[in-house]
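Okay, so here's the structure we're looking at.
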Amino acid sequence: MPVPMTAPKVLDREFFEIRAKLLEIAASFDRLDRGAGTVEGDPRMSLIREALDVLRSDEPDRAEAIQMIFSRQYAADWRKSLKVVPPKG
Amino acid sequence: MYYIDPHIHMVSRTTDDYETLARMGCAALSEPAFWAGFDRGSVDGFRDYFRQLTEVEPKRAAAVGIQHYTWLCINAKEAENVELSRDVIAMIPEFLDRPNVLGIGEIGLNKNTRNESIVFLEHVEFAVRHEQQILIHTPHLEDKYMGTRMILDMLIDDSRVDRSRVLVDHVEEHTVRPVLEAGFWAGMTLYPVTKCTPARAADIIEMYGPERLMVNSAGDWGPSKPTAVPDFIMEMRRRGHSHALIRRVVYENPLEFFGQSAHFQFAPPDVPEAATV
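Residue numbers (our numbering), protein chains in the order written: chain S, 1 to 89; chain X, 90 to 366.
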């Protein structure tokens, strides 16, 4: 489907929004640093770092890739593990 | 521009919200049965809720010129209680002939458990037997991908299910493709934090086109915005998309999908579209 906005127009429109979102993330990391204790071993931090790597990459479909980082994997044998009988239809 | 919100929980909204929706151009809406924020204790709790959905809300909506439709079920969260779920499903026929009932929904999964799957399959069986359309809730956050794939597995397993009469809701970037490729309708819920934003929904339309895609607000008792569909319209306009494309997503697609239900007797508003915001 044709996309009406050119890349330069998208950047013109969203530059300040992207800047603001990056600052929010940076400030969140600073807040984590200032807080007492540590979150270094927390698996959620690994997920966040993995997502940041996706942002830095040149691959397309970054939003989908980040969604998958934060998703449980699909297990095709779920019916067997949950003992769910398929319908007769 | 007139629009239809295909998924909004008006039992959680005020009369002022109804009036705002009408002023924004909402011509009709559909309200699936969902979780009330607490687990109901008996089938009578659901019977009263279904009366609210089929008697009270249509009147509140009609007072501001909005046509109200609904879907009935026991939601995925309370479906963990299989015994109660079976009682509720057995009670649904009391309401199936009500004029605003479009089908069975929002059924689905919450934490992707065995009990939720059993109740989902029993709802599908009920819908097939009663020739009802189906509206489906997919789980949130980390459970969404697995849960959506499980739901598709169960639907595809059943050859009696007419995929053109099933709407799989709350799709996002990682679940929209398998839903559309399998031939189902897909809904994007514009909801802060846990679902999709108007801008990301517009991105998905640009990537997949408007075929079998709709947008909704959910507009429930959680942090949500009942006017999220007009926000999507504004986002699409700002990007330069045509009136025809936007109208297809927010008005014509819901008409086409709901039009498959015998109870959907939609009458277009008699106020000129230019009079809406």
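A virtual CB, placed ideally from N, CA and C, is assigned to each residue, including glycine.
Apply the 10 Å Cβ neighbour rule to V318(X) and answer buried if 16 or more other Cβ atoms are within range, or exposed otherwise. With 16 or more other CB atoms across the displayed protein chains lying within 10 angstroms of its CB, V318(X) is buried.
Could you check the C-alpha separation between N342(X) and T103(X) for me, to the nearest Å? So the alpha carbons of these two residues sit roughly 27 Å apart.
Are the C-beta atoms of S206(X) and some chain S residue less than 8 Å apart? Chain S has a Cβ within less than 8 Å of the Cβ of S206(X).
For H263(X), decide whether its Cβ has a neighbour in chain S, counting only Cβ atoms nearer than 8 Å. At a cut-off of 8 Å between beta carbons, H263(X) contacts chain S.
Which residues of chain S have a Cβ atom closer than 7 Å to the Cβ of E231(X), listed in chain order? Neighbours of E231(X) on chain S, chain order: F70, S71, R72.
Where DSSP assigns a beta bridge to H226(X), which residues make up the other side? The partner list for H226(X) (beta bridge, DSSP) reads G197(X).
Anything in chain X within Cβ reach of V84(S), meaning under 7 Å, just list it in chain order. Within chain X, the residues near V84(S) are R203, S206, I207.
Bounding residues of the beta strand (DSSP E) (the contiguous stretch that carries S119(X)): If you look at S119(X), you'll find it in the beta strand (DSSP E) that goes 115–121.
For I84(X), the first and last residue of its enclosing beta strand (DSSP E): Because chain X in this structure spans residues 90 to 366, residue 84(X) falls outside the shown range and cannot be described.
Check this for me: beta carbons of V74(X) and V208(X), under 8 Å apart or not? Residue 74(X) lies beyond the stretch modelled for chain X, which goes from 90 to 366, so this question has no answer here.
Three-state secondary structure (DSSP) at L23(S)? Looking at L23(S) - three-state DSSP - the assignment turns out to be helix.
Can you tell me where the beta strand (DSSP E) holding Y138(X) begins and where it ends? Counting along the chain, Y138(X) falls outside any beta strand (DSSP E), though it belongs to the alpha helix (DSSP H) covering 132–140.
Give the DSSP bridge partners of I207(X), in chain order. For I207(X), DSSP records no beta bridge to any residue.
Between P8(S) and chain X, is there a C-beta pair that is closer than 8 Å? Answer no: the Cβ-Cβ gap between P8(S) and chain X never drops below 8 Å.
M45(S) versus chain X: which residues are under 8 Å apart at the beta carbon? Simply none; closest approach about 15 Å.
Do the CB positions of E262(X) and E50(S) come within less than 8 Å of each other? No, they are not a contact pair.
Which runs of the beta strand (DSSP E) spanning at least 3 residues fall entirely within the stretch 269–344 of chain X, listed in chain order? For the stretch 269–344 of chain X, whole beta strand (DSSP E) runs of length 3 or above, ordered along the chain, are 274–278, 302–305.
Taking the beta carbon of T6(S) as the centre, do at least 16 other beta carbons fall within 10 Å, making it buried, or is it exposed? By the neighbour-count definition (other C-beta atoms within 10 Å, threshold 16), T6(S) is an exposed residue.
Please tell me whether E64(S) has its Cβ less than 8 Å away from any Cβ of chain X. By this cut-off, E64(S) is an interface position.
Interface flag, V39(S) vs chain X, CB-CB below 8 Å: So, not an interface residue.
List, in chain order, every chain S residue whose beta-carbon is nearer than 7 Å to that of H330(X). Going along chain S in sequence order, the residues near H330(X) (Cβ under 7 Å) are P4.
Please tell me whether R238(X) has its Cβ less than 8 Å away from any Cβ of chain S. Cβ-Cβ to chain S under 8 Å: yes for R238(X).
Grouping DSSP H, G and I as helix and E and B as strand, with all else coil, what is Q156(X)? Strand.
Continuous beta strand (DSSP E) stretch holding L256(X): start and end: 255–257 is the span of the beta strand (DSSP E), which, as asked, contains L256(X).
Considering only the alpha carbon of each residue, which of Y92(X), N199(X), A125(X), M90(X) lies closest to H98(X)? Ranked by how close their Cα comes to the Cα of H98(X), the residues Y92(X), N199(X), A125(X), M90(X) have A125(X) in first place.
For a quick check, are the C-beta atoms of L302(X) and V257(X) less than 8 Å apart? Result no, Cβ atoms of L302(X) and V257(X) do not sit closer than 8 Å.
Can you pull the chain S neighbours of Y138(X), defined as C-beta to C-beta under 8 Å? Within 8 Å of the CB of Y138(X), no CB atom of chain S is found; the nearest one sits about 27 Å away.
Identify the continuous alpha helix (DSSP H) that holds G236(X) and give its terminal residues. G236(X) -> alpha helix (DSSP H) spans 233–246.
Ordered along the chain, which non-local residues of its own chain (more than five positions away) have a Cβ less than 7 Å from that of V265(X)? Closer than 7 Å at the Cβ level, and outside the excluded window around V265(X), lie A275, I293, Y297.
Partner residues on chain S for E120(X), Cβ-Cβ distance less than 7 Å: Within chain S, no residue has its CB atom less than 7 Å from the CB of E120(X), the nearest being about 28 Å off.
Going along chain S in order, which residues have a C-beta closer than 9 Å to the C-beta of R289(X)? Near R289(X) (Cβ distances below 9 Å), the residues of chain S are A63.
List the residues of chain S whose Cβ lies closer than 9 Å to the Cβ of G298(X), in chain order. Correct list: M1.
Assign F15(S) to one of two classes, buried (16 or more other C-beta atoms within 10 Å of its C-beta) or exposed (fewer than that). A residue is called buried when at least 16 other Cβ atoms come within 10 angstroms of its Cβ; F15(S) does not meet this threshold and is exposed.
Does the separation of the CB atoms of D232(X) and R79(S) fall below 8 Å? Not in contact: D232(X) and R79(S) (Cβ atoms no closer than 8 Å).
Just the C-alpha distance for D42(S) and L279(X), rounded to the nearest angstrom, thanks. When rounded, the distance between both Cα atoms is 30 Å.
Counting along the chain, where does the alpha helix (DSSP H) carrying I178(X) start and finish? For I178(X), the enclosing alpha helix (DSSP H) starts and ends at 171–180.
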